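Single-structure report; data block below.
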Amino acid sequence: MEEMIVRRLELEDFLSYREALVEFPEGSIAIVGENGAGKSSILDAIYFALYRDAGRGSLSSLVRRGAVRAVVRLEFEAGGRSFLVEREIRCSGRSRASSSAKLYELRGTERRLLAYSPSQVDEEIRRILGMDRQMFLTAVYVRQGEISRLLDVDPHQRKRLIAKLLGIEELEKAYTNMALLIKHFELLLEREKSKLAGIERLREQLERITGEEAEVKRRIAEVERRLGRASKELKRVGESILSIEEELAELERATREAAGLREKVAVLKHRLLELEELLSSAEAAQAELREVKRLLRCERVAEEYSRLLGELELEKRRLREYKAELKELENAARRVSELSWVEEIYEELLKLRREWGRLKPNLEAKTGELRALEDEIEGLVNKCEEILGIRPPIKNLVEIIQRELGNLRSKVRSLREKIEAVNSEFERVRATRRQLESWEARLREAGSKCPLCGAPLSESEKKVLLDSYRARIEDLKIREVKLAHVREALKADLERAEQLLAVLASVDIPRTSRLVERLVNLRQECGELNRSVSSLESRLRSLGIHEISVSAIDAKLRELEELRAEMLSLKRYV
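Following this note's numbering, the numbering of the sequence shown begins with -10 at its first residue and continues without gaps.
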């Protein structure tokens, strides 16, 4: 046990003190004041700074009324070294409070951090002072009112109070209350088992809810995919409408051309009727001339007859020529009408040729990039499967890696805290065992007087105390062994978790996220390109191209160009 000297105490919103600074000089110190002036608060602050114990109640009761936090800073010396312990209480509700702590070693103007959590600070102070909270209360710190009681009571009661101060009374009660404690802990064990069963039920409910959530997400994704397909189909229908409108415009143009041809044919038919009437007139005139020739038999009539006959032959020849021309025009008009589809098909095929030349190389390039991305991401998925034991979907790969990283970090942090708690408990149990072994040794050598208070001690009482010490020491040894096993198991779990964490942490999350996003986009783009190519192939087959290739399309274009040239020539003729 090290000698401790308190040097300085600083308070902020602690009990009745808003702010206070107390210096403790060398020598004996007396704190004097009226009742309620805060004398005991100074001692409570020293006790809280060393052992994180409220003493009078909960931690929140130490915070000054109206404040939300309290700070205690204590400078003390022990073993020739100077230390500063700083503890802070924060209230988060009417009765809820949490504490933080730091312990520094002071070296002149410099200070070195020794511990930074409440449990670490508690353990370090126990190590520095060589005594735990109970020993401090028993051997060093006597609460308010207990000294005056010692002076005022009779010798028998004084003996009881001294026994209480030294902890002997608690040891005597421990023996008699052991059965009650065992029963109490058995009840606690049953209660914890019930809580554990409740936790298992909650875990099953959580797993069921998680499954339902996954199903809902899957349905949402399916609806979104259907919506995407509907949008693409709507776009394709819009394009088809535009194509149909272009075809209607071309049809109207062809209709206008056909109407012009029909007008020409009508004019030619009208001219033919006129020529036929003229022929009828000529034939009538010929008959009349024959009659005149027969009647007049004169040279003039004969000459006129010859002239009219020549004109008649000329008109007949012209009529035949007109009929032949009319037939050619009718054939040309019919051929033009038959070839009216050529221009439309030629333009459509030319557009399909350009679109094919654009889509096919783009599809091949994106397909190659997609395969490379799938190979790289497949490696990451296999890596995650080796680590996690599950094969994550590619679209959730980054989310699962980040979630598992968070879980592993939480697990590592939790394991470290558990190891720290087990270490603290192990040291506490070992210190208690050693203290009991020391007391047992002193009691064995004591003879007929109590080594702690000097009171007479019978052999039966001594035997009871020794048996109690030995039983407690054996229990503590068993506890030490169990805690050591638990600590080793936790360390093994921590090592495995840290190894998994290191492997997962090596994954470049931003790059993986970009790769997954690019993969999803590429799959969508390749799907759209495949659909576009399939649509193109269907349209090309409808145009008579069954073996889809650039050479086959070009051959069909040359065939259509010949028909198109023929149609243009006929149009010029008509």
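Backbone N, C-alpha and C define an ideal beta-carbon position, used for all residues, glycine too.
Keep in mind that this is a model prediction, so the values were computed, not measured.
Query, Result
"DSSP-derived helix/strand/coil call for Met120", "coil"
"Nearest-angstrom Cα separation, counted from Val522 out to Lys567", "A query on residue 567 cannot be resolved here, the shown segment of the chain reaching from -10 to 563 and no further."
"Stretch pair the segment 31 to 51 + the segment 1 to 14: three plus CB contacts closer than 8 Å", "yes"
"6 Å Cβ shell around Ser71 - same chain, five flanking residues per side excluded", "Leu95"
"Secondary structure of Arg405, DSSP reduced to three states", "helix"
"Separation of Glu484 from Arg402, as counted between CA atoms", "12 Å"
"Inter-residue Cα distance where the pair is Ile334 and Ile542", "12 Å"
"Supposed close pair Arg85, Ser49 - CB separation, criterion 8 Å", "7 Å"
"Residue ranges of each beta strand (DSSP E) within the segment 508 to 557, 3 or longer", "none"
"DSSP three-state assignment for Pro445, whether helix, strand or coil", "strand"
"Cβ-heavy atom distance, Ile334 to the ligand GTP, below 7 Å", "Looking for the ligand GTP in the displayed structure turns up nothing, as the structure carries no ligands at all."
"Whole-number beta carbon distance between Arg476 and Asn412, since they are thought to touch under 8 Å", "7 Å"
"Residue interval of the alpha helix (DSSP H) (run including Leu4)", "Counting along the chain, Leu4 falls outside any alpha helix (DSSP H), and DSSP gives it neither H nor E."
"Close Cβ partners of Leu455 (< 8 Å) along its chain, the five nearest in sequence each way excluded", "Glu429, Leu432, Arg433"
"Residues that Ile78 bridges to, as DSSP identifies them", "Ala59, Ser88"
"Whether Leu397 touches Cys515 by CB criterion (8 Å)", "no"
"N- and C-terminal bounds of the beta strand (DSSP E) containing Leu32", "Not the beta strand (DSSP E): Leu32 falls in the alpha helix (DSSP H), residues 28 to 40."
"Any 3 or more C-beta pairs closer than 8 Å across the segment 382 to 396 and the segment 487 to 501", "yes"
"C-alpha distance - Lys221 paired with Gln513, whole-angstrom precision", "12 Å"
"Residue span of the beta strand (DSSP E) that contains Ala104, given as start and end", "99 to 104"
"Separation of Lys480 from Ile408, as counted between CA atoms", "7 Å"
"Cβ separation of Val585 and Leu63, assumed to be a contact under 8 Å, to the nearest whole Å", "Nothing about residue 585 can be read from this structure; the chain reaches only from -10 to 563."
"Option nearest Leu(-2) by Cα separation, candidates Arg360, Val60, Leu472, Gln194", "Val60"
"Neighbour-count burial assignment, Arg192, 16 or more Cβ in a 10 Å radius", "exposed"
"Cβ shell of Ser108 (< 8 Å), same chain only, five flanking positions each side left out", "Glu409, Ala410, Ser413"
"Short Cβ contact (8 Å threshold) for Ala420 with Asp111", "no"
"Exposure of Ala444, with buried meaning 16 or more beta-carbon neighbours within 10 Å", "exposed"
"Buried or exposed (CB count within 10 angstroms, at least 16 for buried), Val505", "buried"
"Short Cβ contact (8 Å threshold) for Leu493 with Leu394", "yes"
"Cβ neighbours of Arg569 in the same chain (closer than 8 Å, five flanking residues each side left out)", "The requested residue 569 is not part of the displayed model; the chain covers only -10 to 563."
"Residues bridged to Arg(-3) (per DSSP)", "Glu12, Glu64"
"Sequence-distant residues of the same chain with beta carbon closer than 8 Å to Leu386, five excluded per side", "Ile366, Leu369, Val370, Cys373, Thr501, Val505"
"Expected contact under 8 Å - CB spacing of Ala56 and Arg76 to nearest Å", "So it is not a contact: roughly 15 Å between Cβ atoms."
"Identity of the residues DSSP links to Leu95 by a beta bridge", "Ser71, Arg100"
"Buried versus exposed call for Glu337 [16 or more other C-beta atoms within 10 Å across all chains shown]", "buried"
"Beta-bridge partners of Val52, as assigned by DSSP", "Phe3"
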